[in-house]
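Just so we're aligned, residue 1 is where the sequence shown starts under this note's numbering, counting upward by one.
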Amino acid sequence: MNKAMADTEAQVLKSPRHVAIIMDGNGRWAQSRGKPRLFGHRAGAKRVREIVRSCPDLGVKYITIFAFSTENWKRSEAEVTGLMSLFRRYIKKEARALVEEGVRVRFIGDRSRLGKKLVALMNELEEMTSHNDYVNLTIALNYGGRDELARASRRMAQDVADGALKPEGVNEETITSYLDTSILPDPDLVIRTSGEARVSNFLLWQSAYAEFEFIETLWPDFTSEVFQEVVDRFSGRDRRFGAVKPAAE
Ligand code: IPE
Ligand code: IPE
Ligand code: MG
Numbered sequence: 001m002n003k004a005m006a007d008t009e010a011q012v013l014k015s016p017r018h019v020a021i022i023m024d025g026n027g028r029w030a031q032s033r034g035k036p037r038l039f040g041h042r043a044g045a046k047r048v049r050e051i052v053r054s055c056p057d058l059g060v061k062y063i064t065i066f067a068f069s070t071e072n073w074k075r076s077e078a079e080v081t082g083l084m085s086l087f088r089r090y091i092k093k094e095a096r097a098l099v100e101e102g103v104r105v106r107f108i109g110d111r112s113r114l115g116k117k118l119v120a121l122m123n124e125l126e127e128m129t130s131h132n133d134y135v136n137l138t139i140a141l142n143y144g145g146r147d148e149l150a151r152a153s154r155r156m157a158q159d160v161a162d163g164a165l166k167p168e169g170v171n172e173e174t175i176t177s178y179l180d181t182s183i184l185p186d187p188d189l190v191i192r193t194s195g196e197a198r199v200s201n202f203l204l205w206q207s208a209y210a211e212f213e214f215i216e217t218l219w220p221d222f223t224s225e226v227f228q229e230v231v232d233r234f235s236g237r238d239r240r241f242g243a244v245k246p247a248a249e
């Protein structure tokens, strides 16, 4: 193995396998240009393709993006309607490229409050990309970590009532298996753009041992170069998972 190959391998070995991103700052990006908030959301949506495409080179196999939270319904009707129509258009426009580029798309969140047309497009895209596995893109839409845990608990309680699950059989693995993310590994790295240092109800259970990066860049300015810098910083972090590192010999 030559040095370049060894370097690439070392980079991939230390890469975060699963990166989750809180794509924040679209509104401020638009406002600073004197434009309506939806202009920022459109610019933000355009960034997604570039970021997903750059994942394989960075050794990232799973990427999960926060598109709409269970709290975002509190925004103006115009913004919510605009976002919903942007999601529909985005799926229609990107579907072919996602299929061709080997991206497997999944959605997490509560679909019951979303429009029928949007849900149909989401189901269709999941189905169309179900044979892909080059990159796993998960889109969190009407997602909230607490809501996800509440929905999972309801189903667990129902299974106990039906005799399909024993109360003493409920452990961490059981809870994980009832979550929307059941088949995904936990995120290794959670990135939030726009300078806010909060989690805003994203992947609460799953990010128990994730590394966090809060960066100033607004989401529409988050290029693959910025993404690479953040991933590189992750490689230098010392993850201990509660244990003590053995002393160097
Ligand atoms: C994130 O950008 C996108 C969504 C929440 C849908 P914001 O819309 O929150 O942008 P800021 O935080 O107001 O700048
Ligand atoms: C989190 O951003 C949700 C998404 C990025 C989709 P928000 O802008 O909604 O979060 P807060 O209100 O600043 O906590
Ligand atoms: Mg925000």
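Just so it is clear, CB atoms sit at the ideal spot from N, CA and C, and this is done for glycine as well.
Closest option to N171, judged by alpha-carbon separation, among R96, E124, S153, G27: S153.
Under DSSP, the beta-bridge partners assigned to H18 are Y62.
The segment 214 to 230 and the segment 25 to 45 touch, with no fewer than 3 CB-CB distances between them shorter than 8 angstroms. Judged by DSSP secondary structure, V199 falls outside any alpha helix (DSSP H); it is assigned neither H nor E. It is roughly 15 angstroms from the alpha-carbon of G44 to the alpha-carbon of V226.
T193 sits close to I215, with the two beta carbons spaced by under 8 angstroms. Note that the C-beta distance between L141 and F202 is not below 8 angstroms. The Cβ atoms of M156 and L165 sit closer than 8 angstroms to each other. Around the beta carbon of L83, 16 or more other beta carbons sit within 10 angstroms, so the residue counts as buried. Taking C-beta atoms as the reference points, F241 and E211 fail to come closer than 8 angstroms.
Runs of alpha helix (DSSP H) with 4 or more residues, each lying fully within the segment 161 to 201, are found at 172 to 178, listed in chain order. Here the C-alpha atom of Y134 lies approximately 14 angstroms from the C-alpha atom of E126.
Here the distance from the Cβ of F68 to the nearest heavy atom of ligand 2 is below 7 angstroms. Here N123 is exposed: its Cβ has fewer than 16 other Cβ atoms, across all protein chains shown, within 10 Å. When the Cα atoms are used, K74 and G144 turn out to be separated by approximately 14 angstroms. Per DSSP, L83 is one residue of the alpha helix (DSSP H) stretching across 77 to 100.
Taking the C-beta atoms as reference points, V80 is found no nearer than 8 angstroms to I65. Not a single heavy atom of ligand 3 lies less than 7 angstroms from the C-beta of G82. The Cβ neighbour count for V244, taken over all protein chains shown within 10 Å, is under 16; the residue is labelled exposed.
Here R17 has G59, V60, K61, Y62, P185, D188 as same chain residues with Cβ atoms under 8 angstroms from its own Cβ, once five neighbours each way along the sequence are excluded. Under the DSSP assignment, L125 falls in the alpha helix (DSSP H) whose first and last residues are 116 to 128.
S85 has its Cβ no nearer than 7 angstroms to any heavy atom of ligand 1. The alpha-carbon of R53 is positioned some 22 angstroms away from that of L121. Around the C-beta of E77, fewer than 16 other C-beta atoms lie within 10 Å, and the residue is accordingly described as exposed.
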